[in-house]
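S.K.:
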Amino acid sequence: MINKYLKNFDWILFSVVILLFSLGILTVYSATFSISGGENKALSQLMFGAIGLFFFFILTRVDYRLFKRYSGLIYVIMLLLLLAVDLFGTQVLGARRWIDLGFFRLQPSEIAKVFSILCLAKYFAEHNEEMWKIRHILISAIYILIPVIMVIMEPDLGTAIILFLIWAGMLFVSNIKRSTLLKIFLIILAMLPLMWFTLHDYQRNRISTLFSGSASDPLDKGWNVEQALIAIGSGQVYGRGMGYGPQSHLNFLPMQHTDFAFAVLAEEMGFLGAVILLMLFAVLLYRMIIIAKLSRDTFGMFIASGTAVMFFAHVFINIGMNIRIMPVTGIPLPFISAGGTAIIVNLIAVGLLESIYIRHKKIDF
């Protein structure tokens, strides 16, 4: 049984995840040891990684189809966790996104990403042949709209966008007519100007800074992005060396272990390090797409597709805001940015994909 398990394990996917996680530990350690005892930050990241790997290996041994049966319960738990943030959440930097458990601050909006994928995967799988019907499109939209609204109220626009993109990506790979998909896209495009008026002032400022350029106001709204660009540029080809990045270690670059971890990595490992990181993410996404294609059923296919969209969106948005092609949203870079709940959830998501890959052949464990 163990031999079959190891033989059918996706070692490429697992190896890439371990390499990314290792790069993340180095980046977090280097970014924080000079400002708050980075050893503690790195150690906490290692601890959360160990917890995540525990769930990862558990999930590889569990048949992913089991979650189809309990998707309703999973959805209710997700909503209760998001509601608990509003009732008992801890406020940090003006946002109420965490539940303080004493030894750990839980971020339910991160959990909502994977839970949403599981719930949507069941609905799309059961109605895939009829996804061209408006009724099913609307019902699936309502499924995701409820957690999206709850997350926006925290406020956490970045995670709300990720949840929406997960739904849109899974809808795209479903049996929906392309003409219907185009109509949905045009409707959403037409609604964007109206959404502007629902944003908080700081969110509008971030978007306006993107288009006006951080250099037009480098000491105010554009400070974060300007410092990130300086850090990335100063790394040149081979980097300044781990622990020797002036932008991060002289505290010019804010949130260097979370939002702008990519800038730290690029400054200290250079263009070469950034390219290696992007190549690892490319392999990660490629394996996820392969698993989606190999899946034995549509439920597994939708889980893998939704997970691939989630990771791609994180990578694109986070690196995009570091190089000023996306507004600053606070979206973490998977396995690189510090964050307890995020690292655990990412490893859980990959564990689900390993479960799908292991069972794509008709083998029972």
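Numbered per the working numbering, the sequence shown finishes at 614, counting up by one with no gaps.
Backbone N, C-alpha and C define an ideal beta-carbon position, used for all residues, glycine too.
Who does ILE348 pair with in a DSSP beta bridge?
M.R.: LEU355
S.K.: According to DSSP, is VAL486 helix, strand or coil?
M.R.: coil
S.K.: Which residue comes first and which comes last in the alpha helix (DSSP H) that contains THR590?
M.R.: 589 to 607
S.K.: Should the region 375 to 389 be regarded as contacting the region 409 to 426, the criterion being three or more beta carbon pairs within less than 8 Å?
M.R.: Segments in contact, yes.
S.K.: Any idea if ARG427 is buried or exposed, counting beta-carbon neighbours within 10 angstroms, 16 or more meaning buried?
M.R.: exposed
S.K.: Since ILE615 contacts PHE304 with CB under 8 Å, what's their CB separation in whole angstroms?
M.R.: The requested residue 615 is not part of the displayed model; the chain covers only 250 to 614.
S.K.: Quick check on this structure: which residue in SER320, MET399, ILE580, THR276 has the alpha carbon closest to the alpha carbon of LYS371?
M.R.: Ranked by Cα distance from LYS371, the first of SER320, MET399, ILE580, THR276 is SER320.
S.K.: Less than 9 Å separating the beta-carbons of ILE415 and LEU369?
M.R.: yes
S.K.: Can you have a look at ASP450 and say buried or exposed, based on whether 16 or more other CB atoms are within 10 angstroms of its CB?
M.R.: exposed
S.K.: Taking the beta carbon of THR276 as the centre, do at least 16 other beta carbons fall within 10 Å, making it buried, or is it exposed?
M.R.: buried
S.K.: Taking only three categories from DSSP, how would you classify THR309?
M.R.: helix
S.K.: Counting only beta-carbon atoms, is TRP445 nearer than 9 Å to chain C?
M.R.: Given the protein chain composition of this structure (a single chain), no chain C is represented.
S.K.: Contact between the region 258 to 271 and the region 568 to 577 is defined here as three or more beta-carbon pairs at a separation below 8 Å; is this criterion met?
M.R.: no
S.K.: What does DSSP give as the partner residue(s) for VAL341 in the beta ladder?
M.R.: ALA344
S.K.: Would ALA587 and HIS498 qualify as a contact pair, given that the criterion is a beta-carbon distance under 9 Å?
M.R.: no
S.K.: Pick helix, strand or coil for VAL577, following the three-state DSSP scheme.
M.R.: coil
S.K.: Have a look at GLY471 and ALA417 and give me their C-alpha separation to the nearest angstrom.
M.R.: 31 Å
S.K.: Mapping the DSSP letters down to three states, classify GLY695 as helix, strand or coil.
M.R.: Lying before the first or after the last residue shown, residue 695 is absent from the chain, which here runs from 250 to 614.
S.K.: If you follow the alpha helix (DSSP H) that LYS317 is in, where does it begin and where does it stop?
M.R.: Residues 315 to 318.
S.K.: Please state the DSSP three-state secondary structure of ASN500.
M.R.: coil
S.K.: I'd like the span of the alpha helix (DSSP H) that includes MET648, first residue to last.
M.R.: Because the chain is modelled from 250 through 614, residue 648 falls outside the range shown and cannot be assessed.
S.K.: Give the straight-line distance between the Cα atoms of TYR313 and GLY298, rounded to the nearest whole angstrom.
M.R.: In this model, TYR313 and GLY298 are separated by some 21 Å (Cα to Cα).
S.K.: Please classify VAL594 as buried or exposed, where buried requires at least 16 other C-beta atoms within 10 Å of its C-beta.
M.R.: buried
S.K.: What did DSSP end up calling ILE326 once you bin it into helix, strand or coil?
M.R.: helix
S.K.: Where LEU443 and VAL400 are concerned, what is the direct C-alpha to C-alpha distance, given to the nearest angstrom?
M.R.: Near 19 Å, if we compare the C-alpha coordinates of VAL400 and LEU443.
S.K.: Counting Cβ pairs closer than 8 Å, one from the region 479 to 495 and one from the region 512 to 527, do we hit at least three?
M.R.: yes
S.K.: Using the Cβ count rule (16 or more neighbours within 10 Å means buried), how would you classify ASP349?
M.R.: exposed
S.K.: So what does DSSP say about ASN424, is it helix, strand or coil?
M.R.: coil
S.K.: Among the candidates ARG318, ARG346, ALA531, whose CA atom is the shortest distance from the CA of GLU403?
M.R.: ARG346
S.K.: Between which residues of its own chain and PHE548 is the CB-CB distance below 8 Å, once the five residues before and five after are set aside?
M.R.: TYR313, ARG314, LYS317, ALA370, LYS371, ALA374
S.K.: Is it buried or exposed for THR212, if we count other Cβ within 10 angstroms and need 16 for buried?
M.R.: Nothing about residue 212 can be reported from this structure: the residues present for the chain run from 250 to 614 only.
S.K.: Using the C-alpha atoms, what's the distance from LEU269 back to LEU526?
M.R.: 7 Å
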